[in-house]
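Worksheet: the structure to be examined is printed underneath.
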Amino acid sequence: MFGRQEFKERRFVSIKVVMDTFSKSKRSEIMAKVSGVNTKPEIKVRQYLFSKGFRYRKNVNDLPGKPDIVLPKYKTIIFIHGCFWHGHENCEAANLPATNVEYWTKKVSSNIKRDFHNKELLKMSGWNVIVIWECELKKKNREKRLDLLIKEILYLGLDR
Ligand SMILES: [Zn+2]
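The opening position of the sequence shown corresponds to residue 70 in the numbering used here, with each subsequent residue numbered one higher.
Rendered as structure tokens:
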């Protein structure tokens, strides 16, 4: 078993070889997967927000945790967290693999700590922080979650 980074690199190497045989859109889809940005759940949330008239910045690298979505007008930040990597509590999708338990436990708990720390930093600078878990964006939950998201944004942004 090798680490995630190594895994990514290996995958990247094998992808690079065949890259030029893909169409442009297919290629950027693959690149998005490799780099971890513009993954599908984030796109769904962004599209929904855009359709409701919200304007945002995405993948903001100069804020703690590189937020997926930033709504400057509402001083609100949205993270879309993968259940496994970010350790969603009481979530089936966050179950650790049966092998290398120690490795995964360490990895995930350090992610949880980092997320917590980033959130605290953001809150201290006056940001509202909303976390959406990937399981909340599954088809059967999505509409309800996104509807709630709008309410959260408006409610949290009220006193601004
Ligand atoms: Zn979950």
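For each residue, glycine too, the CB sits at the ideal point set by N, CA and C. As the structure is a computational prediction, the values presented were derived from the model and not from experiment.
Are the CB atoms of residue i and residue j nearer to each other than 8 Å?
i              : j              : result
isoleucine 138 : glutamate 203  : no
asparagine 197 : glycine 226    : yes
histidine 155  : asparagine 180 : yes
methionine 147 : valine 170     : It is worth fixing the name first, because residue 147 is isoleucine in this sequence and not methionine. For isoleucine 147 and valine 170, no; Cβs fall outside 8 Å.
glutamate 221  : arginine 214   : no
glycine 151    : aspartate 184  : no
threonine 145  : isoleucine 201 : no
State buried or exposed for residue i, treating a residue as buried only when at least 16 other CB atoms are found within 10 Å of its CB.
i             : result
glutamate 111 : buried
leucine 217   : exposed
proline 136   : buried
alanine 163   : buried
Any beta-carbon of chain C closer than 8 Å to the one on residue i?
i            : result
arginine 126 : Absent here is chain C; the protein component of the structure consists of one chain.
Please name the residue or residues paired with residue i in a DSSP beta bridge.
i            : result
arginine 126 : Val139
### Message
Please give me, in chain order, every unbroken run of the beta strand (DSSP E) with length at least 3 that falls completely inside the region 132-217.
### Response
138-140, 145-150 and 197-202
### Contact set, ligand 1 heavy atom to C-beta under 5 Å
Taking each Cβ in turn, the ones that pass are Cys152, His157, Cys160, Ala162, Trp202 and Cys204.
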